[in-house]
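With full-length UniProt numbering as the guide, the letters of the sequence shown map in order to residues 1 to 154.
For each residue, glycine too, the CB sits at the ideal point set by N, CA and C.
None of these values were measured; they are calculated from a predicted model.
Worksheet for the structure shown next.
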Amino acid sequence: MIEFKEITEENFYDVINLEIDDYQQRKKFVAPNVRSLAECYLYRHENDVFPYAVVTDGKVIGFILIDIDETEREFMIWRMMVDKNYQHRGFGKQTVRKAIQIAADSGKYDIVIADYVKGNDGMGHLLRSLGFKDDSFNVEFNEYVLHYDLTKIE
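So this is what it looks like as structure tokens:
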């Protein structure tokens with residue numbers, strides 16, 4: 001079972017030291033976590049970007065960055081990664097499920113948005129297996145954009 005933990009002095013280095021495998025790095029499937037945290041700093045006054053350590057059994061195994069837009073009722077998984085030593089164990093799917101549950105439980109959002117870099121077929125498969133639907137292709141960022149409709153959850 002995973003949980004999202006606020007990033008603190010105690011887990012900061014664990015988060016920035018997480019790694020994806022060499023192939024994923026070469027293809028630039030996800031930005032380094034230190035970049036994500038720097039971008040959070042840039043947007044700190046907007047109060048709409050939230051980084052979390054993904055933790056299981058007290059160990060930091062991943063990272064997720066949430067970007068919310070309450071006016072548009074959108075909850076976006078801006079970035080997500082699972083350390084290379086914990087991939088292919090279901091933690092990515094658990095992380096996305098937890099994000100969906102948080103968005104649904106809040107009652108503030110109609111959709112969850114996620115994207116992935118072209119070529120990262122594993123992420124595309126993961127998202128679609130959880131019920132995400134294809135939305136568009138962002139040429140500028142070379143990313144497929146998908147959405148999960150929270151209004152259809154019973």
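One alpha carbon belongs to Val82, the other to Lys152, and they sit about 28 Å apart.
Annotation for Leu150: no alpha helix (DSSP H) segment contains it, and DSSP assigns it neither H nor E.
Taking a C-beta distance under 8 Å as the contact criterion, Val60 and Ile77 do not qualify as a contact pair. Per DSSP, the beta bridge partners of Tyr116 are Tyr144. A distance of 8 Å or more separates the beta carbons of Tyr86 and Val112. Nearest to Thr8 by C-alpha distance, out of Phe29, Pro51, Met1, Ile20, is Pro51. The continuous alpha helix (DSSP H) containing Glu39 extends over residues 33-42.
Taking 8 Å as the cut-off, the Cβ atoms of Val49 and Cys40 count as close. Exclusion of the five residues before and after Gln25 leaves Glu19 as the residues of its chain whose Cβ lies within less than 8 Å of its Cβ. A straight line joining the alpha-carbon of Asp121 with that of Phe75 spans about 22 Å.
Taking a 10 Å sphere around the C-beta of Asn138, we find fewer than 16 other C-beta atoms and assign the residue as exposed.
Residue environment: Gly58 is assigned as exposed (fewer than 16 neighbouring CB atoms within 10 Å of its CB, all protein chains considered). With a beta-carbon spacing of about 7 Å, Phe4 and Ile64 fall inside the 8 Å limit used to define contacts.
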